[in-house]
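J.:
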Amino acid sequence: MFEFCKLKFRSIGTLCAAFLLALGSASAQEEGKRVALIIGNNNYSISPLRNAINDARLMDKALQAAGFKTILKEDATYPVMEEAAAKLAEQLGPDDTALFFYAGHGVQIENENFLVPVDFEAASTVVQAKFKCFRLAQLFEELKKRTKRSIIILDACRSNPVAERNALQSGLAQPQLAGMETFIAFSTSPGQVAADNPAGRDSWFTEALADLIEQPGLTLDDVFTRVKGRVTQATDSRQSPWTISNLTNTFYFHPPSNLQTANDPSQATKWMLEAQRREQRDDWDQAIRLVNQVVQRKPGGALESTAKAKLPYLLARKEAEQKYEDGKYKDAAVIYEKTLNLDPFAIDSAFEAVNNYLLSDQLPEAVHMLGVIRLRGTTESVAKATAMLKELGTVYPEAAQVIKTELPAPPPVQELFQGIQFGTPDWSAGIRTAQSSPVALTRWAKALLTAYPPPVDPAATATAEAKVDNEILHVEVNPTGETRDLSIRKIGNNADSPTGTLLIIGATGKVLVNGEWMADTLPAPVKLPPGKYTVRLVEKGMVVGGGQEVEVIAFQTKTVPLTRSK
Amino acid sequence: MKPALICCVVLLSSTVAARAADWTDRKEYDLVLTIRSEAAPEKRITLLDTWSKSYPQSAMSHARQELYLSTYESMGDRQKMFGVAKQMLAAQPNNPVGLYWLTVLAPQQTNANSEIWDAGDKAAHQLLASSKDYFAPEKRPANLTAGDWDKQKLSVEVLALRTEGWANWQRGNFAASADNFTECLKKDPGNAEVSSWLGIVSGLDNNKQPQALWHLARATGRELSTPLSDDQRRQVNGMLETVYVSYHGSLEGLEQLRKISSSSAFPPPEFTIDPATVVNARRAEAELSQSNPQLAAWLAMRRQLEDANGDKYFASDLQGKPLAQLSGTVLHAVPVRAPREITLSMTDANTPDVTLKLTVAATPAIHPGVKITFQGNGDSFAKSPFLLVVTADAAQIAK
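So the sequences go chain by chain: E and P.
Start counting the first sequence at 1; every next residue gets the next number (the working numbering).
Start counting the second sequence at 1001; every next residue gets the next number (the working numbering).
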């Protein structure tokens, strides 16, 4: 009987050791490759976008800087999207992190998410539309099979005439988590459409995201919490990015530098959480290291007292395990029993003590430990202890006596959570929280900017006014600003952006674009970012001709005849 | 079997049984033990939700709310924490845990509205009123020294004042807010965040730009006891430069301001920064003194005469004393043929500024429109309409 027990417990011990070894190897390979597929689709025939490619390029840069091998596709057709997804999947292994970023139109079809390729054409039925769009679930399925961790970021919730013209639903549906270890972020909440960024070249969402990705020491959750904050503020709550996650490990785009870690008041909390995870994996060395860091940081309050109480417990667990590995079962059992003084609810440790007492043929001590388990254990562990006592009772009658003892009522909740003093604030935790989570000042930065405009250079103003005043007849080209992405901050200066051309003919005079002289005489070719513009002939401050709205399409030239009105 | 061991177990059992009547049933205890051992905060929240749903009337509902708080804290979810603190206060209006967390978290809420401002303000007020009781010497935890206990009290009071100031600030009550933040800084001068907030509210008060610039500049310092994070520093630095350039006209002198503001939480009483208008005027004067020294001298003189202390200035510096060489355009001269009194416009050839009284008539005659240079002594002056009377010899006039 005891041989059986020994064998049984030994085999558990061996299994544990094997498990620990496996954990160790997994831990060593924790940081595998980082591979990202980035798609930005602007050039739709139905409703072109302007920022999606900029967004994709911005993310490409930010992700490369964060150590991702990137696959960037601009204006991807359906076959290109499929091919790129396959290329991403091919490069991934079980320890790798996959990231998929998409900027472009997205639609819901029958409550499923589809990404719209640039070669999408109006479909007559919903089924046809489904087969012309890229099914997101298809990518999820591939990533689920292959990676350690998947991060999906979709800036595809824009105002969407593609959807409207095809009787589809704009915005994306709330996805089901694709598999284990997946993080999904939307630029706005499911079913909503994203707000515009009239002053920017990139969407609010991607601008904030790329900026925050580059900041070291922010976890994935930190990044998106801050993205949410920035976008919500910038859009006056019209757009609220949304995330869903079942990641169980912390992911950093850029790990914290030592200096940042040293200054982050919330770091001790993060260490303690990680220590708890390590403890659950029996990774005693790492758990001890992390708890030691917490103790040295002196965070105060419950965190510090919990860490101080935890440290000797972890050291004892490590020592006990070592004794067990060395075959010194009696020593191991005594130390395991000691751990119960340090954490009376460490039921797994109590079972280890039982195991080791049995292995060293110390039945009375084993029975005592089983009695202790019955005091504080869960129903399941009490049942397990009772079963063991019954079994032991066949060869050791005293064990049966313990079973006869009435099961005690469980101890009060305060004993379970010794670090927390219920009813008394954890003052240190509040101070730490206030220091670690800065208050958003964006609104006030704007208020100050409004109250304190930059000083006007009188000389420059005078020159500019003189130029316009002196011009008797000129052509003005201005963006209409009525649709998303249209506002232009610097005309003609974005060498990377695609442009179209307006060939203005007919009248005489210079051409003034957005307040800047662009051509001295007509006919004049004027290069502009894609978008809608009004072109008008102005003389002495009065509109004397034109006034028509024209659309500039990338890489195309449009002729605009201008005549003086009668 | 060692009988002592069995006795020990039985004894322990009866002690525990006597203390523990709180659990609804054994399953509730099982659930809470599972919560205790769950390391992943998200899963812990799910388990806490299960506890709430399964045992809504649990005798440990207060403890449960505190477990929610600590779990959301480890997740960094300030909004959820705020919600829990509100629930705690709804159930028990003087709950110190609820009061404390509401105070801490109100400023951290995104999209805070008047309800949040008021809730934070009220909680902070109650916290401040009770701080003496909360931090009574007999309540000091054994692991803290009396000094540490006092420091903790001070930090909590600073947090409460900070929230009161924040609430007043959000309401647009900048003066009250500045008072709260000033109190904060008196207790905790190295608090960069509060310095930055005081800088913002002072900046929005049109009479306090130099003070605002002091506080913003100080907030960007790295040497304070509680400095800003890099993110915050970047943002506050942006505000500092915006206000500084707008107010002063350029970034000139900003580095010096950063340096001197690092020495004290508050500017000295006489502290001031020249506004751009003064800087521009001074620059223009400097340029003018190079290109047209007589006009520059006249403008400097006239500015001082028109000042509130103009009479004193005239009496001490000009009356009966030789003036710098000046030049002006003759508007009229009497008598015409041999004038003894000449009226001049010093700037625009239209407005009379100076009357020259000549001790000897000037010959030949000086006609209107002619530009003359002269020297003389101050005789008298009137502020409105402005006129300076100068006595001079005809020999001191040159065309």
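All residues carry an ideal CB built from backbone N, CA and C; glycine is no exception.
All figures in this text were calculated on a predicted structure; none of them were measured in a lab.
Nearest by alpha-carbon distance to P/A1141: which of E/L88, E/N42, E/E304 is it?
T.: Start at 1 with the first residue of the second sequence, and residue 1141 of chain P comes out as number 141. Looking at the sequence shown, residue 1141 of chain P is not Ala but Pro. If we check each option's Cα against that of P/P1141, E/E304 comes out closest.
J.: Cutting at 6 Å between CB atoms, please list the residues of its own chain near P/R1218, excluding the five before and the five after it.
T.: The residue you call residue 1218 of chain P lines up with position 218 of the second sequence. Here the set comprises S1195, S1261.
J.: Measuring alpha carbon to alpha carbon, tell me which of P/Q1109, P/L1102, P/I1045 ends up nearest E/S437.
T.: Taking the first sequence and counting its residues from 1, one reaches residue 437 of chain E at position 437. It is P/Q1109.
J.: Using DSSP with H/G/I as helix, E/B as strand and the rest coil, what is P/Y1244?
T.: Here residue 1244 of chain P refers to the residue found at position 244 of the second sequence. Helix at P/Y1244.
J.: Does the CB of P/Y1313 have a neighbour CB from chain E at under 8 Å?
T.: Stepping through the second sequence from its first residue, residue 1313 of chain P is reached at position 313. Not one chain E Cβ lies under 8 Å of P/Y1313.
J.: Would you list, in chain order, the members of the segment 415 to 432 of chain E that have their beta-carbon closer than 8 Å to a beta-carbon of chain P?
T.: The residues in question are L416, F417, I420, F422, G423, T424, P425, D426, W427, S428, A429, G430, I431.
J.: Beta-carbon separation of P/L1344 and P/V1330 under 8 Å?
T.: To locate residue 1344 of chain P, count along the second sequence from 1; it is residue 344. To locate residue 1330 of chain P, count along the second sequence from 1; it is residue 330. Cβ atoms of P/L1344 and P/V1330: closer than 8 Å.
J.: Looking at E/Y78: is its Cβ nearer than 8 Å to the Cβ of E/P48?
T.: Residue mapping note: residue 78 of chain E aligns to position 78 of the first sequence, counting from 1. Residue mapping note: residue 48 of chain E aligns to position 48 of the first sequence, counting from 1. Taking 8 Å as the Cβ cut-off, E/Y78 and E/P48 do not qualify as a contacting pair.
J.: Please identify the residue among P/S1264, P/D1274, P/S1263, P/P1269 whose C-alpha is closest to the C-alpha of P/G1253.
T.: Working through the second sequence from its first residue, we reach residue 1253 of chain P at position 253. Checking every option, the nearest Cα to that of P/G1253 belongs to P/D1274.
J.: Which word fits E/M180, buried or exposed, when buried means at least 16 other C-beta atoms lie within 10 angstroms of its C-beta?
T.: Against the first sequence, residue 180 of chain E aligns to sequence position 180. E/M180 is exposed by the Cβ-count criterion.
J.: Check the Cβ of E/V413 against every Cβ in chain B and list those closer than 7 Å, keeping chain order.
T.: In summary, chain B is missing from the structure at hand, where the protein chains are E and P.
J.: Comparing C-alpha positions only, which one of E/T206, E/L99, E/A76, E/K132 sits nearest to E/N113?
T.: Within the first sequence, residue 113 of chain E is the residue found at index 113, counting from 1. Closest by alpha carbon: E/K132.
J.: Put P/L1326 into one of helix, strand or coil per three-state DSSP.
T.: Taking the first residue of the second sequence as position 1, residue 1326 of chain P is located at position 326. The answer is strand: DSSP assigns P/L1326 an E or B state.
J.: Would you grab the beta carbon distance between E/T182 and E/I152 for me? Rounded to a whole angstrom, and I think it's under 8 Å.
T.: In the first sequence, the residue the question calls residue 182 of chain E occupies position 182. In the first sequence, the residue the question calls residue 152 of chain E occupies position 152. With a Cβ gap of about 7 Å, E/T182 and E/I152 count as contacting.
J.: Could you tell me whether the segment 242 to 255 of chain E touches the segment 207 to 224 of chain E, using the rule of 3 or more Cβ pairs below 8 Å?
T.: At 8 Å Cβ cutoff, the stretches touch.
J.: Are at least three pairs of beta-carbons, each pair with one atom in the segment 358 to 378 of chain E and one in the segment 326 to 343 of chain E, less than 8 Å apart?
T.: Segments in contact, yes.
J.: Report buried or exposed for P/S1202, applying the criterion of at least 16 other Cβ atoms within 10 angstroms of its Cβ.
T.: What you label residue 1202 of chain P is simply residue 202 of the second sequence in a count that begins at 1. Counting Cβ neighbours within 10 Å, P/S1202 comes out buried, since at least 16 surround it.
J.: For P/V1156, I'd like the list of residues in its chain whose CB is within less than 8 Å of its CB, leaving aside the five on either flank, ordered along the chain.
T.: The residue given as residue 1156 of chain P occupies position 156 in the second sequence. The residues are Y1100, L1127, S1131, Y1134, F1135.
J.: Within the continuous alpha helix (DSSP H) that includes P/I1045, where are the two ends?
T.: Residue mapping note: residue 1045 of chain P aligns to position 45 of the second sequence, counting from 1. 1041 to 1054 is the span of the alpha helix (DSSP H), which, as asked, contains P/I1045.
J.: Quick check on this structure: which residue in P/N1237, P/D1230, P/S1070, P/Q1325 has the alpha carbon closest to the alpha carbon of P/Q1375?
T.: Taking the first residue of the second sequence as 1, we reach residue 1375 of chain P at position 375. Among P/N1237, P/D1230, P/S1070, P/Q1325, the Cα nearest to that of P/Q1375 belongs to P/Q1325.
J.: Could you compute how far the alpha carbon of E/E549 sits from the alpha carbon of E/Y102?
T.: On the first sequence, residue 549 of chain E is found 549 positions in, with the first residue counted as 1. On the first sequence, residue 102 of chain E is found 102 positions in, with the first residue counted as 1. Cα to Cα, E/E549 sits roughly 31 Å from E/Y102.
J.: Starting from the beta carbon of E/V567, find every residue of chain P whose beta carbon is closer than 8 Å, and list them in chain order.
T.: In the structure as shown, chain E begins at 1 and stops at 566. Residue 567 of chain E is therefore absent and cannot be evaluated.
J.: Can you give the Cα-Cα distance for P/E1341 and P/P1267, rounded to whole angstroms?
T.: Locating residue 1341 of chain P in the second sequence gives position 341, counting from the first residue. Locating residue 1267 of chain P in the second sequence gives position 267, counting from the first residue. Each residue's Cα considered, the two are about 53 Å apart.
J.: Comparing alpha-carbon positions, which option in E/V294, E/L340, E/K298 lies nearest E/Y313?
T.: As a position in the first sequence, residue 313 of chain E is number 313, starting the count at 1. Checking every option, the nearest Cα to that of E/Y313 belongs to E/L340.
J.: From the DSSP output, in three-state form, read off E/C133 for me.
T.: Residue 133 of chain E sits at position 133 when you count from the first residue of the first sequence. The answer is coil: DSSP assigns E/C133 none of H, G, I, E or B.
J.: Can you tell me where the beta strand (DSSP E) holding P/A1178 begins and where it ends?
T.: Here residue 1178 of chain P refers to the residue found at position 178 of the second sequence. Careful: P/A1178 lies outside any beta strand (DSSP E), inside the alpha helix (DSSP H) at 1174 to 1187.
J.: List, in chain order, every chain P residue whose beta-carbon is nearer than 7 Å to that of E/G229.
T.: If you number the first sequence from 1, residue 229 of chain E lands on position 229. Going along chain P in sequence order, the residues near E/G229 (Cβ under 7 Å) are T1110.
J.: By DSSP, does P/H1332 sit in helix, in strand, or in coil?
T.: Position 332 of the second sequence holds residue 1332 of chain P. The answer is strand: DSSP assigns P/H1332 an E or B state.
J.: For P/Y1134, verify whether its CB is less than 7 Å away from any heavy atom of the ligand COA.
T.: Questions concerning the ligand COA fall outside what the structure shown contains, since it holds no ligand whatsoever.
J.: What's the gap between the Cα of P/V1420 and the Cα of E/K73?
T.: Nothing in the structure corresponds to residue 1420 of chain P, since chain P is present only between 1001 and 1399.
J.: Would you kindly work out how many angstroms separate the C-alpha atoms of E/K270 and P/G1076, rounded to a whole number?
T.: Counting from 1 along the first sequence, the entry for residue 270 of chain E is found at position 270. Counting from 1 along the second sequence, the entry for residue 1076 of chain P is found at position 76. When rounded, the distance between both Cα atoms is 10 Å.
J.: Under 7 Å between beta-carbons, which chain P residues line up against E/F345? List them in chain order, please.
T.: To locate residue 345 of chain E, count along the first sequence from 1; it is residue 345. In chain order: L1033, R1036.
J.: Is the distance from the Cβ of P/P1107 to the Cβ of P/T1182 below 8 Å?
T.: In the second sequence, counting from the first residue as 1, residue 1107 of chain P sits at position 107. In the second sequence, counting from the first residue as 1, residue 1182 of chain P sits at position 182. The answer is no: Cβ separation not under 8 Å.
J.: Could you check whether the Cβ of E/A307 sits closer than 8 Å to any Cβ belonging to chain P?
T.: Taking the first residue of the first sequence as 1, we reach residue 307 of chain E at position 307. Chain P, which has no Cβ nearer than 8 Å to the Cβ of E/A307, makes this no.
J.: Hey, does P/T1242 have any beta-carbon neighbour from chain E nearer than 8 Å?
T.: For the purposes of this step, residue 1242 of chain P is taken as the residue at position 242 of the second sequence. At least one chain E Cβ lies under 8 Å of P/T1242.
J.: Counting along the chain, where does the alpha helix (DSSP H) carrying E/E303 start and finish?
T.: To locate residue 303 of chain E, count along the first sequence from 1; it is residue 303. Looking at the sequence shown, residue 303 of chain E is not Glu but Leu. That run of the alpha helix (DSSP H) goes 301 to 325.
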